[in-house]
Structures are given as structure tokens and as C-alpha cells.
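Student: Have a look at this one before I ask anything.
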Amino acid sequence: FLSLTRNPPRPKHYTARERLQQQNYYPHLDFYFSFLLPFSLSGSRGKEKPNNSGESSGLWRGMKGEANSYSKLVVMKSKLKWVGLVGLILSALSLFLHFTLARFSDPGVSDYYYQSSSSITIFSWRPVFELPLFHKTGPSYRRLWGPVRKLESLHPFANPRGPYSVPRSESSGYIFVRIQGGFHDIRSSISDVVVVARILNATLVIPEIQSTTSSKGISSEFKSFAYVYNEDQFTAALVKDVKVVKTLPKSLKSARRKKEIPSFRVPRSASPYYYLHHVLPVLNKHSVAELVVSDGGCLQAILPPHLEEYQRLRCRVAFHALVFRQEVQELATKIVHRLRAPGRPFIAYDPGMTREALAYYGCAELFQDVHSELIQHKRAWMRRRGIVKGKLSVNSEEQRLNGSCPLMPEEVGILLRAYGYPWDTIIYVSGGEVFGGQRTLTPLHAMFENVVDRTSLTASSELTRIYGREVNLDSQFPRTPPSIVQVKKAEVWRSAGPRPRPLPPPPARPKYPHNIEGWWGWVAESDNEPESSVMELRTNAHKLLWEAIDYMVSVEADVFISGFDRDGKGRPNFASLVMGHRLYLSAASKTFRPVRKEVVRLLEGNREHLYEANNTWLKSVRQHFRKSLFDGAMNASVASKPSSFLSHPVPECSCVGSGNTEEASAASHASHAQSAAAALGVKERCPKWMDDDNETSSRLKDKENDEDDEVDNDDGLFFERSNESGGGEVNKEEAAQLEDQEESESAE
-3 FLSLTRNPPR
7 PKHYTARERL
17 QQQNYYPHLD
27 FYFSFLLPFS
37 LSGSRGKEKP
47 NNSGESSGLW
57 RGMKGEANSY
67 SKLVVMKSKL
77 KWVGLVGLIL
87 SALSLFLHFT
97 LARFSDPGVS
107 DYYYQSSSSI
117 TIFSWRPVFE
127 LPLFHKTGPS
137 YRRLWGPVRK
147 LESLHPFANP
157 RGPYSVPRSE
167 SSGYIFVRIQ
177 GGFHDIRSSI
187 SDVVVVARIL
197 NATLVIPEIQ
207 STTSSKGISS
217 EFKSFAYVYN
227 EDQFTAALVK
237 DVKVVKTLPK
247 SLKSARRKKE
257 IPSFRVPRSA
267 SPYYYLHHVL
277 PVLNKHSVAE
287 LVVSDGGCLQ
297 AILPPHLEEY
307 QRLRCRVAFH
317 ALVFRQEVQE
327 LATKIVHRLR
337 APGRPFIAYD
347 PGMTREALAY
357 YGCAELFQDV
367 HSELIQHKRA
377 WMRRRGIVKG
387 KLSVNSEEQR
397 LNGSCPLMPE
407 EVGILLRAYG
417 YPWDTIIYVS
427 GGEVFGGQRT
437 LTPLHAMFEN
447 VVDRTSLTAS
457 SELTRIYGRE
467 VNLDSQFPRT
477 PPSIVQVKKA
487 EVWRSAGPRP
497 RPLPPPPARP
507 KYPHNIEGWW
517 GWVAESDNEP
527 ESSVMELRTN
537 AHKLLWEAID
547 YMVSVEADVF
557 ISGFDRDGKG
567 RPNFASLVMG
577 HRLYLSAASK
587 TFRPVRKEVV
597 RLLEGNREHL
607 YEANNTWLKS
617 VRQHFRKSLF
627 DGAMNASVAS
637 KPSSFLSHPV
647 PECSCVGSGN
657 TEEASAASHA
667 SHAQSAAAAL
677 GVKERCPKWM
687 DDDNETSSRL
697 KDKENDEDDE
707 VDNDDGLFFE
717 RSNESGGGEV
727 NKEEAAQLED
737 QEESESAE
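Residue 86 in our numbering sits at position 90 of the sequence shown; the count goes up by one each step and never skips.
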């Protein structure tokens, strides 16, 4: 009792929350202490406070301290919430902007150029240039890149020149065409089909390309013809020549599905007489006829003189109406811009090395191992089909010496270096896939630093975009392990007489399906070519787009050269069409047409010293190449035109410009150019409006050519880079002497 009276217990200090909870606890009081109390205390700071006596004063101080700490905690938490909310909003906004830019910009980030002080990187191609570019008015530049002066007077002119009526309102019926073959076959066949429709006065249904139908696994966004070409442009360009519709009428569609319409498998070189006396009567009777074109054409290449307007119609179709669809054109234009981004001209090179062409001409021994066996297998298959008439085994070396085999990429590289193109020249490899793969092109890469193709100048997404949305195929995914294929016993042995009977042959080694896939299986298993899978059919359709891109790039190139100009049936190929288009569009652009037999003779005569050649051999190569610019065009009228008109559309689709004849030099140049045009058979004078434009450009060219007569000795011959490659050397005096000789010869 005394201890309690001396040290009385101090009253326990309770917080405001605990005092209220002891009396009556209500859940809504938490809300009061969390949110309302801090605001009420902050609002009553300037007002009268409770008295400081006793328990009420302690209660007030406790409530005030606790409220301040609690309010600080709440404010801090609210700030963190706002920071997190702002971060989420910014993240969502950045994702939205990212996907928006990815949706409305070109895949691959348009023109992926990386410019630095020393080089330019364009996708996987990084150009390497060490030699300065020749002056554009210098003789070396004119010899390597300048126009062919003899052909400068030729200009494209495919308009009708005589009486030419528009198609009559009453047509003979509808012509539906199914076209088979590769890129050059399709292009030639379409131009022939339009001429046939004009001859028969029929309505042409837009042709169906068999390689691009829906059954080949292509995107459903495109129809057959529209997968490669622009349908609207095709129809609009031929409105004054032929009636063109997109589909057959409904009544004829059902008849076609039931196979009730007459069909003709027309020969390649059918004459107009054939159509007027065989197809036209059937067309008048049934109002529709189907033509199946499978040999790269359906009309003879050379028509009689009174049908010359039909030849110009072929030019209007091939060079004006057949325009690739927009996505293909845009990608090809981008590739051309990327090739010209370093500020230098470029060469387009088409090897022409396809398995079919090598098998047709018997060039298997130019390759080794597997490739030689594949070519022989293809030749045996072509002999059974009647495509090849000769023997199965052919001496490939004799074929090569006769000029019947393609020039190998190494040989083309040596010739270009010998002509004077430096090692840093840009070379674009076109024409689809090269048989033998990149290993065949390795020597060309060793001689020229900047050898590119469409894959090194585009992103994979850009190529994928032109295909459209395609359905995934099962072959793209890994399959389950294959099961053993059981070899069944012969039915004859099972149904044989009573025993004893001879034992059956021992069972063969079990075969797995994966063992007979690819060349190592079907070459040994069967004498026939394997059936194409859906994935291979889709790839064949993609090849048409690849060749369309290469076609546009090759036509726009500063220089074009081909290693071979024949396909797997002995007819003009992709390169021949490119050379014909360049001859029509810009005849003066450099297009080398070397005679393979003469080139092989030059190469064999200096086989042991190709990389250390003397000036005499270099002079022979340069003379041959310079002659091929004009003489090659002359030879094409005999070698290629009888098989394909589009490979040499001269003189029917060209005219001669008068040029500028005010000065004596210009007059002499114009006379030489006109004599060269006459040698090609071009006699038609260009209209006045074309002469006015050509006169202005010719004046500028003559002025540029006369400004600078300085000889540039830095040709970039293929042995000038001797310190790096270990070859021989030629001093500057010899190179200058050789250059002076060529300039004097060209002047003569």
C-alpha cells in the first residue's frame, strides 16, 4: 500500500484509435482516420485549439501526431501510384507508336543505307571502292560505259504506220488461253495470243498462267495473271487493238467447267492460215475456243510483209502493255536505286546456266560429281520425251569449242577485266538461279569485289511482301520419324504352283522415305523426274517474280552481258528477251553479244597465261567485244529472230532520227549512224516531234564528247591489282599505248 501510494501507476496512454475501439469499434472509423482526419486537422490549424489540461490535451497531441505520420504515408503511396500509372501510359503509347510505324512503313526500313566516311552499307552488301571513277567525258569512260555511237539514231516507234482500224463491235467470240512455261515463255506467248485475237477479231479473256494458279499454293489475294502483271494496265493499253475482258460470261463459265468448249493445243510456229481455217470456224460455231500454249509461243515469229502491223502490235504488248504489278515494280526500282547509290554505273550479267539448257546441249562434263550426274539424268529424260534428238553421251569439250555451251562465270570475269573494267565494278547477277550454286560464281567474286544479286540488296521481308499472304505448308515443319516401307512379295510368287518351288529373292534393305528424298534418291530410284510437291510449285511461282525483278534491273543496267542466250529447248531465253527490250528501248546502250565460239578460241589460245596476258591478246579481246556491240545485233536477226521476234524487234518497231546536221562533224556522225541503221533494215523516219527531242540531247552529247580528249590510263585491267592477287604487271606506258591504239581505231 505504501509503495502504491508513493509510486502511483501512471495512466496508460492510449491512441485515439484505441480509445474509440475500446468503446465502440466501427469499420468506417478507419476511413475517417485515413482520409478525413488529416484534412480536418490541416483546416483547423488557425482556429481555437482545446485546452491543454489533462487527458484531453494528451489525446489531442496523440491524434495530431498520428494523423501527420499517416497523412505522409498516404501521400507517398499516392505519388507512387501516379508514377506507376504514368509509366504504364508511356509504355502503352510507345508500343502503339512502334506498331503504327511498322504497319505504315516499308518492311526492312526503307532504303537501309548506312553512310559513313569511307563506305556505304546496303543490307548485306558493303561496296568496296579504291579506284577513282573515270571522268564521264573521258575516252575510258566512254569506251566502258558510253553509248554505242552507231546505234544512237535508232529510237522506239511501235505506233501503227498505215491504215489501222479499231476492233469491231461485233466479235467472233471469246478466246480463253492457258499458258505453260517459264518467264520468257509466258511473255512471248502473251504477245502472240493478242495478235491471234486481233487476226480472228475475237474478244480475249485475260490469259491464265498455269504456274500461278491457286492450286500451286500461292496467295489467294492474286489471280493467275495478276500474280505477275497488272491487269488494268494490260486492258487499257490494248483498248485500240483488241477487246479484253477479265472473265468469261457465266454461261460459258459453266460450259468450261464441264469441259464442253472446244480446245486447241496450238503449235509454236502456227501460221495465220492455221487460225483462219481451223480455229475461226469453230469459234464462229461455239462462240468460244480454248487455246493451250505450252511451247513459248503460238504464232510464227516472222510474218509476211503485209502483216507488219501485227509485229508492231507484238511490241506494244511486250514493251508497253505487259507491266508488272505495282509491288514488283516498286521493289525492282528500289534495287536499281540501291545499285546506283554509290554513284557508279553497274553491269547486269545473266549466266544462263540452267539444268535444262546444259542437258539439251550436252554440257555435263563442264561440271563435276553430282552436277554432272544430274545433267545426264535430265538429258536422258528429255531424250525419252523427244526433246533431244542426239545421243545420250556427248563430248562436252567439243560442244564448248563449237560455242554450244555457256560461258562460265570465270571466263566472263576474265573477259570483262581484259576489256578494261576495274576490279571494283558493280556486277548484278540476274536471271534466276544459277545451276551449281554459289560455288560456280566463286571465281567471279574473286575477280570483282562488288558482285551482288537481289538477295543481297533486299530484306527478306521485302521479298515476302510481294508474295502476299500464303498458307503455311506442312513441309515447312518438322515431321515425325518415318516408318519402314515394307517390301511386298510378288503376286506371281504367291500364286505359283504347289511346292517345291524356287525360293523368292532375298529381301532388299529396308527403305526409309527420307532416304529417297533429293537428288541422291530419285536419280538412283527412277529414270523419270520426280513429281513436284506443293512447296516446289509455290517456289516455281516465286521464281516468276524473281525473274520479273531481274528483268527490270537488267533493262535499266548501264551494261548487259549474258553467258548464254538459249533455253532448254534450243530457243531464245531470258537474256534474249532482255537484249531485245534494250535494243527497242535504248538501242545505243551497251549490250555485249560475244560470239561464244570466237571467245572460246581466244581463251584456249592463252589458257596458261590468262591472268598474265600480253597486250596482243588484250587487244584481240577488246576488238571482239567492241564489234559485238553492233555485229551482235546484226547476227541476232539471223540467229534469234526466226525463233522469237521479241529478241530482235528491229526494224519493224524502230525508226531513224535525223539528228543535228548543222555542223560537219555532227553531219558525218549522223550519216554513219544512219548507214548503221540501214544495215539493220531500219528505213522509217521518226516523226518530227521525236526529232526535236533527239536533236537537243545529241547536241549536249557532242559538246560533252569534245570537251575532254585526255586519255585516262587507269583502266583497271585485271592484272593491275597484282600486289594483292600475285599476278603479273603491266606498266603505265604499255597501258597508255594500248589505249591510244584503241582510240585511233574507234575514231577510224
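Beta carbons are placed, not taken as given, at the ideal position from N, Cα and C, and that holds for glycine.
No experiment lies behind these values; they were computed from the predicted model shown.
Based on the DSSP output, what are the partners of Asp181 in its beta bridges?
Tutor: Answer is none; Asp181 lacks a bridge partner.
Student: Can you tell me which of Arg164, Ser283, Ala233 and Leu140 puts its alpha carbon nearest to the alpha carbon of Phe172?
Tutor: Ser283
Student: What are the boundary residues of the beta strand (DSSP E) that includes Pro301?
Tutor: No beta strand (DSSP E) contains Pro301, which DSSP labels as neither H nor E.
Student: DSSP three-state label for Trp121, please.
Tutor: strand
Student: Mind checking who Cys651 pairs with in its DSSP beta bridge?
Tutor: His151
Student: What residue range is occupied by the uninterrupted alpha helix (DSSP H) comprising Tyr223?
Tutor: Careful: Tyr223 lies outside any alpha helix (DSSP H) and carries neither H nor E.
Student: Whole angstroms is fine: what's the gap from Val366's alpha carbon to His273's?
Tutor: 50 Å
Student: Out of Glu407, Val288 and Pro341, state which residue places its alpha-carbon closest to the alpha-carbon of Asp181.
Tutor: Val288
Student: Name the DSSP bridge partner or partners of Leu370?
Tutor: Per DSSP, none; premise fails for Leu370.
Student: Around the C-beta of Met575, are 16 or more other C-beta atoms found within 10 angstroms, so that it is buried, or is it exposed?
Tutor: buried
Student: Nearest CA to the CA of Ile205: which residue from Ser168, Glu256, Leu533 and Asn569?
Tutor: Leu533
Student: Less than 9 Å between the C-beta atoms of Leu440 and Val408, yes or no?
Tutor: Leu440 is a Cβ neighbour of Val408, given a cutoff of 9 Å.
Student: Hey, out of Val596, Trp542, Leu541 and Lys586, whose CA is closest to Phe746's CA?
Tutor: Absent from the structure is residue 746, since the part of the chain shown begins at -3 and ends at 744.
Student: Does the distance from the C-beta atom of Phe570 to that of Ser624 stay below 9 Å?
Tutor: no
Student: Going by C-alpha to C-alpha distance, which of Val201, Arg618 and Gly293 sits closest to Pro568?
Tutor: Closest option to Pro568, Cα to Cα, is Gly293.
Student: Based on Cα-Cα distance, which residue from Tyr417, Thr350 and Thr421 lies nearest to Leu403?
Tutor: Thr350
Student: Whether or not the stretch 304 to 323 and the stretch 231 to 238 are in contact is what I'm after, with contact meaning three or more pairs of Cβ atoms, one per stretch, closer than 8 Å; do they touch?
Tutor: yes
Student: If I measure Cβ to Cβ from Ala772 and keep anything under 8 Å in the same chain, skipping five residues before and after, which residues do I get?
Tutor: Shown here, the chain extends from -3 to 744; a query on residue 772 therefore has no answer.
Student: Let me make sure I understand the geometry here. Which of Met531, Arg138, Thr535 and Ala584 has the alpha-carbon closest to that of Val551?
Tutor: Ala584
Student: Spatial neighbours of Ala743 within its chain, please: C-beta separation below 7 Å, excluding the five flanking residues on both sides.
Tutor: Its pLDDT being 45, under 50, Ala743 is placed unreliably in this model, and the value from its coordinates should be taken loosely. So the list is empty, once near-sequence residues are dropped.
Student: Would you mind giving the Cβ-Cβ distance between Asp546 and Arg450, rounded to the nearest angstrom? I have them listed as a contact below 8 Å.
Tutor: 7 Å
Student: What residue from Leu84, Ala266 and Leu335 has the CA that sits closest to Pro123's CA?
Tutor: Leu335
Student: In angstroms, rounded to a whole number, what distance separates the CA positions of Glu393 and Gly348?
Tutor: 18 Å
Student: Quick one: is Met531 buried, meaning 16 or more other Cβ sit within 10 Å of its Cβ, or exposed?
Tutor: When all chains shown are included, Met531 counts as exposed.
Student: Give the DSSP-derived three-state secondary structure of Asn398 in the structure shown.
Tutor: Of the three classes helix, strand and coil, the one that applies to Asn398 here is coil, per DSSP.
Student: Would you grab the beta carbon distance between Leu354 and Ile331 for me? Rounded to a whole angstrom, and I think it's under 8 Å.
Tutor: Incorrect: roughly 28 Å between the Cβ atoms, too far for contact.
Student: Which residues in the same chain as Ala154 place their Cβ atom closer than 6 Å to its Cβ, once the five residues preceding and following it in sequence are excluded?
Tutor: The beta carbon of Ala154 sits closer than 6 Å to the beta carbons of Arg308, Cys311, Arg312 and Cys649 from its chain, once the five residues preceding and following it are set aside; these are given in chain order.
Student: Looking only at its chain, what residues have a beta carbon closer than 8 Å to the beta carbon of Leu606, apart from the 5 residues adjacent to it on each side?
Tutor: Ile410 and Leu599
Student: By a C-beta neighbour count over all protein chains shown, 10 Å radius and 16 as the cutoff for buried, is Thr85 buried or exposed?
Tutor: Inspection of the sequence shows that residue 85 is occupied by Ile rather than by Thr. So Ile85 ends up on the exposed side.
Student: Between which residues of its own chain and Glu217 is the CB-CB distance below 7 Å, once the five residues before and five after are set aside?
Tutor: Gly464 and Arg465
Student: Could you check what DSSP says for Tyr424 in three-state terms: helix, strand or coil?
Tutor: strand
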